[in-house]
Every structure is written in C-alpha cells, then in structure tokens.
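Undergrad: With our numbering applied, the sequence shown covers 719 to 903. For every residue, glycine included, the Cβ atom is placed at its ideal position computed from N, Cα and C. Predicted model only: the values in this text are computed from it and were never measured.
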Amino acid sequence: MTPSSNPWSGFSHDPRDPAHATLRASDLDRDLVLQVLTEAYADGRLDRAEFDERSEHTTAARTLGELPPLMQDLVSIRALARPGATDLATASPAEIRARAVERYASDRREAVLGFLGPSLICWVIWSAVMFGGFPWPLFVMLGTGINLLRTVVRKSDIIDGHVRSLERKQAKALKPKKTEGPDQQ
C-alpha cells in the first residue's frame, strides 16, 4: 500500500482527530506527508509551484493539525478510515447533515405509515360493522395524526437532533481505544 492510498496508518496519532491536532508533529509525520505530495507531483496532480508551496508548509509544520489540510485533496475520503473505524469517523459535516436528513425522511415515513395503517384498519372495521353510526375512527386519526403533524412541523429541530447525535457518535468513533495492560487489571 502506497502512502497516498492510506497515509494515516503511518502516523502514531491520527492528525485528523481534533484531540491530536495540538500534538507536536515528528519528522516521521512530516516525511509521510512529503511522500504523499511527491507521489501527487509525480502523478501530475500537483504542479511544481503547488508542490513546492505545500512542501515548505509541511517542513515548517509544528503540530499534527497542520498536516491534513496539506493533503486532504490528494487522498480519497474512503482511504482515510482507520482500521476498525466506521465511515462515520471520516464523514464531513455535509455528509453528517445528509445522513441526518435521511434519518428524518425515515422518521417522516414511519409517521405517515403510523397514521395511515391504523386509520385505514379502523375505517374498514367501522364501515363493515357500524356504517352510518358514530365515526369513532376519527379519534384514531386524531391520535396518530398528532405524531405526523409533530414530525412535519418540527423538521429542522429533528434534523438538528440527528446531526448532534451523529456528531457525538463521530467523536466517540475518533477517540482512541484504551488498552488494558496487565498492571491495570
């Protein structure tokens, strides 16, 4: 595997993790970025001026947080995942928002089906047994319609809640796993 296909495996601490952004970069960290830049220049993805500029920034970088922006457009997003990390760990804010919108669409579908299913069943029973009598299925429609109305009216709040939930999951996925040593048992 070439450094540009998965450069993150060579770092002792993942520089994409905000918790590691302030740690000092080592010579090995800077060398990994320089390898990615060299391969990109050799492939023609960087011109000479851009290669020189990014190389200068790399050698001058003091912290790990300064390194990812220098190669973020050179390494595919899928290759960014650490071994054992989920796709959520590498998701951008736009991807997290898109996932939250997908979850809202699922919530809305469930609310619509939760309204239609019981309502239709009750109306069928009413028409078969009591047609012309008191339309009691309206109470069922009212009860299930409240959830549907709440889901539609509170769209932005629900999406924002899903975004916060996904961001918490992302932060948890980026946290380094604590390994238990023999003296910590």
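DSSP on T869, reduced to helix/strand/coil?
TA: Against the sequence shown, residue 869 aligns to sequence position 151. Helix, per DSSP.
Undergrad: Is it buried or exposed for M848, if we count other Cβ within 10 angstroms and need 16 for buried?
TA: Here residue 848 is taken as the residue at index 130 of the sequence shown, counted from 1. It is exposed - the Cβ of M848 has fewer than 16 other Cβ atoms within 10 Å.
Undergrad: Between which two residues does the alpha helix (DSSP H) harbouring A762 extend?
TA: In the sequence shown, counting from the first residue as 1, residue 762 sits at position 44. Sequence check: residue 762 is Gly here, not Ala. No alpha helix (DSSP H) holds G762; DSSP gives it neither H nor E.
Undergrad: Taking just the CA atoms, how far does A816 sit from S744?
TA: On the sequence shown, position 26 is the one that residue 744 refers to. On the sequence shown, position 98 is the one that residue 816 refers to. Computed Cα separation, rounded: 36 Å.
Undergrad: Please list the terminal residues of the continuous alpha helix (DSSP H) segment that includes S837.
TA: Counting from 1 along the sequence shown, the entry for residue 837 is found at position 119. Element bounds for S837: 811–847.
Undergrad: How would you write the range of the alpha helix (DSSP H) that P786 sits in, first residue to last?
TA: Within the sequence shown, numbered from 1, the residue matching residue 786 stands at position 68. Its alpha helix (DSSP H) spans residues 786–789.
Undergrad: Determine the closest residue to A812 out of A779, P733, L884, I839, with distance taken between C-alpha atoms.
TA: What you label residue 812 is simply residue 94 of the sequence shown in a count that begins at 1. Of the listed residues, the one whose Cα sits closest to A812 is L884.
Undergrad: From the DSSP output, in three-state form, read off T808 for me.
TA: Translated into the one-based positions of the sequence shown, residue 808 becomes position 90. It is helical.
Undergrad: Using CA coordinates, which residue listed in T808, D761, V754, E820 is at the minimum distance from L788?
TA: Here the question's residue 788 lines up with position 70 in the sequence shown. If we check each option's Cα against that of L788, V754 comes out closest.
Undergrad: Could you please give me the residues that DSSP links to T781 through a beta bridge?
TA: Your numbering for residue 781 matches position 63 in the sequence shown. Looking at the DSSP assignment, T781 forms a beta bridge with R742.
Undergrad: Put R734 into one of helix, strand or coil per three-state DSSP.
TA: The residue given as residue 734 occupies position 16 in the sequence shown. It is coil, neither helix nor strand.
Undergrad: Under a Cβ-count criterion, where at least 16 other Cβ atoms within 10 Å of its own Cβ denotes burial, should V871 be classed as buried or exposed?
TA: Indexing the sequence shown from 1 puts residue 871 at position 153. Under this definition V871 is an exposed residue.
Undergrad: To which residues of the same chain is T776 closer than 6 Å at the C-beta, ignoring the five residues directly before and after it?
TA: Looking up residue 776 in the sequence shown gives position 58. So the qualifying residues of the chain are R748, V751, L752, L788.
Undergrad: Taking buried to mean at least 16 other C-beta atoms within 10 Å of its own C-beta, is T740 buried or exposed?
TA: To locate residue 740, count along the sequence shown from 1; it is residue 22. So T740 counts as exposed.
Undergrad: Please confirm if R882 has its CB atom under 7 Å from at least one CB of chain B.
TA: You won't find chain B in this structure, because it holds only one protein chain.
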